[in-house]
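K.L.:
In my numbering, the protein residues as written are 1 to 422.
Cβ atoms here follow ideal geometry from the backbone N, Cα and C, with glycine treated the same way.
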């Protein structure tokens, strides 16, 4: 093998902030390189720089040496954003694939979709897809784009275990049999295991190579210490869903879902990607379910808020300090964001915005917080910050319904509701 990419002393500034500092590395052809590091360390900035998004789309200053030059490298790469909804631009699944890949026939289209359990969704509108389904669609488009180098930013963050393992096997096959090269941001080193040729660790803009798991201590702590929240409150929200379907669907998405969540409890909703977890949370937040279910607390509408998997749909203020208010500054501290209080929200990383959305919800005094994938894409340390913040809020009487694939989130649950297939 020879070096496909050589980078030396790469420096990147965004809005006068020095994000990447003297970054140097080599990538072998056909390799699978895992890029790990804390939230906000510059991982996405590095991916965007290699793909040419910076500085051609996102303005910034880039200095350093690369072979091939960055301007030439961007023609060989396909970058899949960690927030998959930014990747979609057409109304249907088939139009996305036909428009951006070499796949044109219906039979080939169905075949590639079947690989990721989307074969029966060819004509489905993209705006109705779950985050996990959008993530799988983005991956399908990337690997069929004809590009030699694929940059995948948190490609499994919204996927259940089964779909994550399918994606990893597919990446390994494309690398071995078709000569594709991958640079992947993902914190699940166990998932990628033997397939990874190299691990790069990025912290505070500086890159080092490692063969060890830099988060092993945090992972061991969570594995041994996390347990269900202690709950003593008897005021409960009764969830009753007889049946729910979307207007353009003949089949119900949700049926026979019945559970209670009390203030001070954590209920985790799990199920495969696209099973209806997000829809359930939205319906609970709305208070009344079309199709036969009713949500109430002692006959009264509850004070509940839905925090979506895309934090930009929730956040509304210029800075974290303004978003949470004076009383909410403690939640910034709980979630590791105290040092970012005055940073413009649009300059935060995806993981930082996710934590901020949770801090914002907690600061507003809601009785129930309905959170969609709160730890998606977070490194283990910041994942622990989120989980500990949920525990603290639950101990103060906040009830949580959390849609999540994360086994560490499930460890603090008082109840687990499984939406089939699970």
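If contact is defined by three or more beta carbon pairs under 8 Å, each pair taking one atom from either stretch, is the region 210 to 225 in contact with the region 44 to 52?
P.N.:
The region 44 to 52 makes no contact with the region 210 to 225, as fewer than three CB pairs between them are under 8 Å.
K.L.:
Residue 360 lies in the beta strand (DSSP E); which residues open and close that run?
P.N.:
Here residue 360 belongs to no beta strand (DSSP E); instead the alpha helix (DSSP H) covers 350 to 363.
K.L.:
With DSSP as the reference, label residue 338 as helix, strand or coil.
P.N.:
helix
K.L.:
Going residue by residue through the region 201 to 245, where are the continuous beta strand (DSSP E) segments of at least 3 residues, counting only ones entirely within it?
P.N.:
206 to 210, 236 to 244
K.L.:
Does the distance from the CB of residue 276 to the CB of residue 419 come in under 8 Å?
P.N.:
yes
K.L.:
How many Å lie between residue 124 and residue 59 at the Cα?
P.N.:
Looking at the two C-alpha atoms, the distance is approximately 35 Å.
K.L.:
Using 8 Å as the Cβ pair cut-off and three pairs as the minimum, do the region 392 to 408 and the region 66 to 84 touch?
P.N.:
The region 392 to 408 vs the region 66 to 84: no contact.
K.L.:
Could you tell me if residue 65 is buried or exposed, where buried requires 16 or more neighbouring beta carbons within 10 angstroms of its beta carbon?
P.N.:
exposed
K.L.:
Going by CA-CA distance only, name the one from 406, 345, 303 that's closest to residue 370.
P.N.:
303
K.L.:
Rounded to the nearest angstrom, what separates residue 182 and residue 256 at their Cα positions?
P.N.:
43 Å
K.L.:
Along the chain, where does the beta strand (DSSP E) that runs through residue 399 open and close?
P.N.:
399 to 403
K.L.:
What's the call for residue 169, buried or exposed, on a 16-neighbour Cβ count within 10 Å?
P.N.:
exposed
K.L.:
Would the region 373 to 392 count as touching the region 247 to 256 if we require 3 or more Cβ pairs under 8 Å?
P.N.:
no
K.L.:
According to the neighbour-count rule (16 or more other Cβ atoms, all chains shown, within 10 Å of its Cβ), is residue 158 buried or exposed?
P.N.:
buried
K.L.:
Going by CA-CA distance only, name the one from 227, 102, 262 that's closest to residue 236.
P.N.:
262
K.L.:
Go ahead and pull the three-state DSSP assignment for residue 370.
P.N.:
strand
K.L.:
Cutting at 7 Å between CB atoms, please list the residues of its own chain near residue 39, excluding the five before and the five after it.
P.N.:
349, 351, 352, 378, 379, 382
K.L.:
In the DSSP assignment, find the unbroken alpha helix (DSSP H) run with residue 120 in it and report its ends.
P.N.:
Run containing residue 120: none; DSSP gives neither H nor E here.
K.L.:
From the DSSP output, which residues share a beta bridge with residue 306?
P.N.:
370
K.L.:
Report yes or no: do the region 116 to 130 and the region 85 to 98 share at least 3 C-beta pairs separated by less than 8 Å?
P.N.:
yes
K.L.:
Assign residue 274 to buried or exposed, taking buried as 16 or more other Cβ atoms, counted over all protein chains shown, within 10 Å of its Cβ.
P.N.:
buried
K.L.:
Is it the case that the Cβ atoms of residue 175 and residue 5 are separated by a distance below 8 Å?
P.N.:
no
K.L.:
Could you tell me the distance, in whole angstroms, from the CA atom of residue 272 to the CA atom of residue 200?
P.N.:
30 Å
K.L.:
Under the rule that 16 or more other beta-carbon atoms within 10 Å means buried, what is residue 204, buried or exposed?
P.N.:
Residue environment for residue 204: exposed (fewer than 16 other C-beta atoms within 10 angstroms of its C-beta).
K.L.:
Please say whether residue 150 and residue 25 have beta carbons closer to each other than 8 Å?
P.N.:
no
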